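Asker: Residue numbers (the working numbering), protein chains in the order written: chain G, 1 to 403; chain A, 404 to 542.
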Amino acid sequence: MSTQTKFKWVANKKKVTAQDRPVNELDKQPGYVDANGIDQLAKLFMDSPEYTQLKKLLETAEFKTSRKGKPQRYDQMPKLGRIKIKHLLSALAVQRKIDFEHLVRIIKTWDSRRPATINVIKLPNSNTCYITDGQHTVLAIALRAKMGEFPDVDPKDWLELEVNCQIVETSDFSFAREHFLGINGDDKLPIIPFEFHKIHVFGKRLDSPLKDTQEKYELANRIQTELEAHNLYPVHPNSQDRFKAGSVVHVNLLSKLDVADVRFFGKNHSTYWDQEPLDSMEMLPFQDLRRRLEKDGEDFTSADHAAFMKDLNAIVKEVAGGWAEFKNLTQQVYPEYYCSARNEDPSGVPKDASLVLLLQLYVKAGGTHLNQFKNMTTFVTRYTENNTNMFKQLDVAKRGLFK
Amino acid sequence: MMLLYIADAHGKVKPGISSSPKARITSYTSGNKDAAIHYLFVAEDGYDEHVKNCENYVKRTLFPFLENPHNSHTPSEYVDPIHTHITYKYVSDIVEDRIKNHPLRIKRVKQAFLPITRYNIKTVVDGIKNFPDKYLEDI
């Protein structure tokens with residue numbers, strides 16, 4: 001069947017070359033280790049504008065004043081040592097309450113190779129040590145010893161075990177509290193979804209390419225492989241590649257998808273929008289569309305389905321130029337619709353509003369493919385109330401395109 | 404009416420969009436240096452989002468060349484003057500390529516009415532509204 005609506009798909013004439021696409025940072029083989037010496041990294045930093053800015057800042061009087069009272073000598077840095085468990089104290093003055101679920105997670109996933117250095121402050125001239133970071137780890141070590149889970153430790157010696165510590169000798173509890181905040185968040189660069197995805201994909205590709213590994217690694221790799229099949233490449237959100245054809249910035253959404261979802265939107269993107277980065281609207285709303293169609297018994301291999309998809313893409317291009325602008329159009333018209341229908345402001349724009357608007361425009365443009373589907377027909381009538389809908393909130397000129 | 408302009412703003416190349424270009428061009432004027440629009444593109448009726456799409460494309464393409472004194476992940480919208488090859492014409496070519504290739508329903512203001520400054524912008528904008536065939540041409 002040919003397309004049904006008055007809008008015809010017009011393809012972008014620009015050919016996409018390899019230079020137009022982002023670098024696929026996840027296309028690595030076993031044995032890949034991108035290691036840099038600290039001297040190399042230091043040189044890289046010292047060539048950057050951040051270094052120039054930092055150097056200027058370090059020379060200001062204001063900065064120097066702010067450091068007063070904070071030890072700056074190298075030999076004042078924490079010392080490494082081993083302290084018996086019986087000498088370690090967890091104090092609520094500098095720590096969170098013990099979280100049993102977290103404790104159970106550590107014990108259940110125990111691997112003795114994991115770093116387990118505890119941070120403590122040691123009161124001068126005493127054996128009293130307060131834990132500033134690592135209380136769950138210490139407790140997990142203690143419990144594993146007491147429960148006989150260390151084959152090389154006699155359970156009765158559990159309190160005599162020594163653990164690795166970084167020790168700062170001080171009675172300054174405000175330092176300890178600041179240290180707690182720093183080590184648990186303030187001083188840490190958060191791990192972003194792109195890094196999680198990369199680590200999971202590498203967990204399969206680099207570490208276990210030929211045998212089964214953890215399911216989260218397998219799933220991430222299946223998703224990544226499907227993305228690559230459609231020339232889609234996850235990129236770091238700050239990467240200069242984020243605007244390139246086929247870049248995937250919204251990596252946080254990947255964990256919500258399965259391979260069939262990626263195949264569905266990947267095929268659509270490479271067929272119609274190959275020159276563009278992947279927009280978030282092509283992800284979850286497409287998942288929603290696919291699952292609804294599947295529930296209604298859509299034959300995804302049929303010519304009817306292909307014509308329907310072509311119509312949807314033609315409408316987006318005609319009405320908004322692209323997915324990002326279509327999404328913004330929804331953000332603009334939904335509040336106007338809600339206000340008109342209910343005489344009050346909405347608290348936000350529902351997640352499915354863009355998809356509903358698109359399907360309403362499809363019907364308005366003469367599309368009939370959805371008529372055969374009971375659930376889809378109902379879905380299209382969402383956000384229709386008190387004789388108004390989102391279409392009626394479009395400006396006159398845009399509504400005129402549908403005449 | 405949504406417009407995409409390529410302006411000389413504070414002595415720098417600055418692409419942008421506006422539905423009220425008079426206020427915009429006034430805001431770009433500083434001291435004795437008058438801002439000027441060197442190229443102007445206009446959405447056809449009902450196609451304002453096409454101008455936004457074109458603007459997004461231009462900003463994506465120019466991203467490595469935008470002024471970014473603090474090395475931020477979201478640079479300014481001005482072309483950094485150190486990139487002397489990024490001229491008004493260069494940016495205009497990016498716009499026209501997008502309009503032709505994507506394609507987008509956007510027309511170009513004829514060269515005879517350019518550049519536009521705060522002194523003639525009202526005349527040009529009124530002219531575009533009232534006599535589009537005289538002022539606009541297809542790309």
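C-beta atoms are modelled at their ideal positions from N, C-alpha and C, and glycine is treated no differently.
From a predicted model like this one, the values you see are computed outputs, not experimental measurements.
1) Determine which residues of the segment 502-522 of chain A have a Cβ less than 9 Å from any Cβ of chain G, and write them out in chain order.
2) Between the Cα of G:Q76 and those of G:H197, G:D345, G:Q287, G:I167, spot the shortest distance and give me the residue it belongs to.
3) Is it right to say A:G449 is buried, meaning 16 or more other beta carbons lie within 10 angstroms of its own, or is it exposed?
4) Let me know if G:D154 comes out buried or exposed under the rule of 16 or more other beta-carbons within 10 Å of its beta-carbon.
5) Check A:Y538 in the structure and name its three-state DSSP category.
6) The alpha helix (DSSP H) with G:R177 in it runs from where to where?
7) Starting from G:L254, follow the alpha helix (DSSP H) in both directions and report where the run begins and ends.
8) Cβ closer than 7 Å: which chain A residues qualify as neighbours of G:K466?
9) Applying the 10 Å Cβ sphere with the 16-neighbour rule, what's the burial state of G:H269?
10) Would you say A:P484 faces chain G, with C-beta separation under 8 Å as the test?
11) Mapping DSSP to helix, strand and coil, what is G:V201?
12) The alpha helix (DSSP H) that contains A:S495, what's its start and end?
13) Which residues in chain A have a C-beta closer than 7 Å to the C-beta of G:E325? List them in chain order.
14) Specify, as a first and last residue, the run of the alpha helix (DSSP H) that G:A116 falls within.
15) Threshold first: 4 residues or longer. Then list the alpha helix (DSSP H) segments lying entirely within the segment 96-148 of chain G, N to C.
16) Which of the residues in the segment 214-248 of chain G, read from start to end, lie with their CB under 9 Å from any CB of chain A?
17) Any heavy atom of the ligand SAM closer than 7 Å to the Cβ of G:K317?
18) Can you pull the chain G neighbours of A:D448, defined as C-beta to C-beta under 8 Å?
19) Measuring alpha carbon to alpha carbon, tell me which of G:L394, G:S347, G:L401, G:G246 ends up nearest G:A18.
20) With a threshold of 8 Å between beta carbons, is G:A365 in contact with chain A?
21) Could you confirm whether any beta carbon from chain G is found closer than 8 Å to the beta carbon of A:P467?
22) May I have the straight-line CA-CA distance separating G:Q40 from G:F202, to the nearest angstrom?
23) Starting from A:N533, trace the beta strand (DSSP E) in both directions and tell me its first and last residue.
24) Under 8 Å Cβ-Cβ, which residues of chain G neighbour A:N459?
25) Taking the alpha carbon of G:F243 as the reference point, which residue from G:V138, G:H179, G:D20 has its own alpha carbon closest?
26) Within 8 Å, do at least three Cβ pairs link the segment 259-276 of chain G to the segment 221-238 of chain G?
Answerer: Let me lay it out:
1) K503, N504, H505, P506, L507, R508
2) G:I167
3) buried
4) exposed
5) helix
6) 173-181
7) Per DSSP, G:L254 belongs to no alpha helix (DSSP H) and is neither H nor E.
8) Coverage of chain G is limited to positions 1 through 403, which leaves residue 466 of chain G absent and any answer about it impossible.
9) Counting other Cβ atoms within 10 Å of its Cβ, G:H269 reaches 16 or more and is therefore classed as buried.
10) no
11) helix
12) In the DSSP assignment, A:S495 falls within the unbroken alpha helix (DSSP H) covering 491-504.
13) Within 7 Å Cβ-Cβ: E452, K455, N456.
14) Careful: G:A116 lies outside any alpha helix (DSSP H) and carries neither H nor E.
15) 100-108, 135-146, all fully within the segment 96-148 of chain G.
16) Those would be P237, N238, Q240, R242, F243, K244, in chain order.
17) For the ligand SAM, the structure offers nothing, since it holds no ligand at all.
18) A397, G400
19) G:G246
20) no
21) yes
22) 24 Å
23) Where A:N533 is concerned, there is no enclosing beta strand (DSSP E), although the alpha helix (DSSP H) it sits in stretches over 524-533.
24) G322, A324, E325
25) G:D20
26) yes
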